[in-house]
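All the letters of the sequence shown, read from the start, carry residue numbers 1 to 290 under the UniProt record's numbering. All C-beta atoms in this analysis are idealised placements derived from N, C-alpha and C, irrespective of residue type, glycine included. Just below is one structure, and these are the notes that go with it.
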Amino acid sequence: MKTHIEQAKKSWRVPNKSGPPPRQSPFIRFGDAGIWVTCHKNQEKKCIGEVRDLFEEYSEAISPGTGSNKPLKGEGSENGDEDDIEREIRQEVSDIHKPTQPTPFEAIFLEVPCLVFFRINNNSIDPVAFVRKIMEDAAADPSKKRTRCTQRLVPSTLIGHASEEGLERTTKEVLAPHFHAENQQSKKFAIRPTIRNHTQLKRDTIIKKVASMVGDQHSVDLKNYDALILVDILKNVVGISVVGREYDRLKRFNLQEIFEPTPQQPKEQKQEGLQQESTAGATAEQSARD
């Protein structure tokens, strides 16, 4: 009878060195720009499919010509069918050896329930403006439901390392054009962190650090802000973006709420919840000024 070790040795094979290396799953990189997408539980793969279609359609509208431009078979030949076949074979072989061009959006499966990430490979696409356009179109005609399991679209202008130093560096770069431009006017701002699978940076620490980098010229206003700073942390990465007043009007960029709004809760309960959120947030953000 063969032992477990002998069976294991027999089943082991030397890898084929002449073949292509195993394909690695994509992952979020520091310096990326992209869009976080939340979805229903156990619907991550379906979400990736429907969101990819949606993003590619809008990407084509913004940057035409991202599709395939291969010549049609049979065109451009005057020497008969044999020449056509030989030309097609040479073209196919040539296409195989050409380096693949990155798609405008690259889906990254995070192995985190209800969350995926789309990296933007096209520098002409601004994540905030891109998501805003999608949400504005959805709000203009909610009857044209484009997605079924997708919920929020959260843009990140820049991805950095989720440490105090990384948060500071990433925040500084993203905030500059919004708060530190030449002849900058005073703005009212708010900060909303979202933390997933991360324990190093606490919510209060994030709010204090980001608020301190906005500058004393600007003031905190959680309800009537001019600019809202979104901080999204997942494990060891942090994404920062700045959105405008339309964020809450567009249901916090939640497509599901645009297409199928949740029934409104009683006014008294809603006001009580908003008051508690406002008090907690104001205390944390105002402490950054002390």
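Excluding sequence positions up to five before and after isoleucine 191, its CB lies within less than 7 angstroms of the CB of Ile207, Val210, Ala211, Ile229, Val231 and Glu285, all in the same chain and listed in chain order.
Annotation: threonine 194 to glutamate 182 spans about 30 angstroms, alpha carbon to alpha carbon. Boundaries for proline 177: no beta strand (DSSP E) harbours it, while the alpha helix (DSSP H) harbouring it runs 164-179, taken from the DSSP string. Setting aside the 5 residues that flank it on each side, alanine 61 has no residue in the same chain whose C-beta is closer than 8 angstroms to its C-beta. In the structure shown, glutamine 256 falls within a helical segment according to DSSP collapsed to helix, strand and coil. Proximity to proline 142 across Arg29, Lys251 and Gln43 peaks at Lys251, based on C-alpha coordinates. Look at lysine 188 here: in three-state DSSP terms it is strand.
For threonine 38, the closest C-alpha among the options Gln217, Glu57, Ala107 and Ser186 is that of Ala107. Under DSSP, threonine 194 shares a beta bridge with Asp232. Judged by DSSP in its simplified three-state form, threonine 205 adopts helix. For phenylalanine 55, the enclosing alpha helix (DSSP H) covers residues 44-62. If only uninterrupted beta strand (DSSP E) runs of at least 3 residues are considered, those enclosed by the stretch 101-158 are 105-112, 115-120 and 150-156. The count of Cβ pairs closer than 8 angstroms, one atom from the stretch 221-228 and one from the stretch 145-153, stays below three, leaving the stretches out of contact. Cβ contact annotation for tyrosine 58 (same chain, cutoff 8 angstroms, sequence separation greater than five): Phe130, Lys133 and Ile134, in chain order. In summary, arginine 249 is exposed, with fewer than 16 beta-carbon neighbours lying within 10 Å of its beta-carbon over all protein chains present.
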